[in-house]
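Novice: Straight run, no breaks: the sequence shown in our numbering ends on number 1495.
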Amino acid sequence: MMHLEHINLVVLDLAKSLKFYQAAFPHWQVRGSGTGDWYGKPRTWLHFGDNEQYIALSDHGEGQNRNLKGTQVGLAHFAYVCDDLKGLIQRLQKANFSPHIGPTFAENRSNVYYLDADGFEVEFVQYHSDDPSIRNDYTSYISG
């Protein structure tokens, strides 16, 4: 068995990035942090998550993220499964974050996409069944 342990994002401002992820994942915490350099450029990094998974953030980013409407090679989005999509949307709204796409409420699943402070697109999905044949039925699914 395998599972994704972490994703590593290079960002412009750790505090702005952390604000979004803390609103989305209120049960997560900063697991560790430090400073160093990345090929000669100073950086501060932190790991934000729980005992099983985390998001690594490093603040040595420069420039803009890829155009999500374009066809450049790069990260399109990453997604997390949640149990309460409406509650997540309310938490993010309270922290002044608005959906980028959606939300979409469909028979088999509901989802919403947000942009974090650096333009990474993050999808949150709630499945309405534990049955894989229903969860993976994309005929009634509208994707962003």
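Every residue, glycine too, gets a C-beta built ideally from N, C-alpha and C.
(1) In terms of residue numbering, what span does the alpha helix (DSSP H) encompassing L1408 cover?
(2) Counting C-beta neighbours from all protein chains within 10 Å, is the total for Y1465 16 or more, i.e. buried, or is it exposed?
(3) Thinking C-alpha only, which one of F1471, E1472 and T1490 is nearest R1460?
(4) Which class does Y1489 belong to by DSSP, given the choice of helix, strand or coil?
(5) Along the alpha helix (DSSP H) that carries Q1380, what are the first and last residues, could you check?
(6) At which residue ranges does the stretch 1427-1467 contain complete beta strand (DSSP E) runs of 3 or more residues, listed in the order of the chain?
(7) When the distance is taken between beta carbons, is V1476 closer than 7 Å to N1462?
(8) Pick helix, strand or coil for P1393, following the three-state DSSP scheme.
(9) Could you check which residue in G1453, E1472, F1448 and D1469 has the C-alpha nearest to that of A1374?
(10) How long is the line joining the alpha carbons of E1458 and H1479, rounded to whole angstroms?
(11) So what's Q1373 in DSSP terms, helix, strand or just coil?
(12) Can you name the start and end residues of the beta strand (DSSP E) that F1475 belongs to?
(13) Pull up the CB-CB distance for D1469 and G1412, whole angstroms please, since I reckon it's below 8 Å.
Specialist: According to the data block:
(1) Where L1408 is concerned, there is no enclosing alpha helix (DSSP H), although the beta strand (DSSP E) it sits in stretches over Y1405 to S1409.
(2) buried
(3) T1490
(4) coil
(5) Unbroken run through Q1380 is the beta strand (DSSP E), Q1380 to W1389; no alpha helix (DSSP H).
(6) 1429-1432, 1452-1456 and 1460-1466
(7) yes
(8) strand
(9) F1448
(10) 7 Å
(11) helix
(12) E1472 to Y1478
(13) 7 Å
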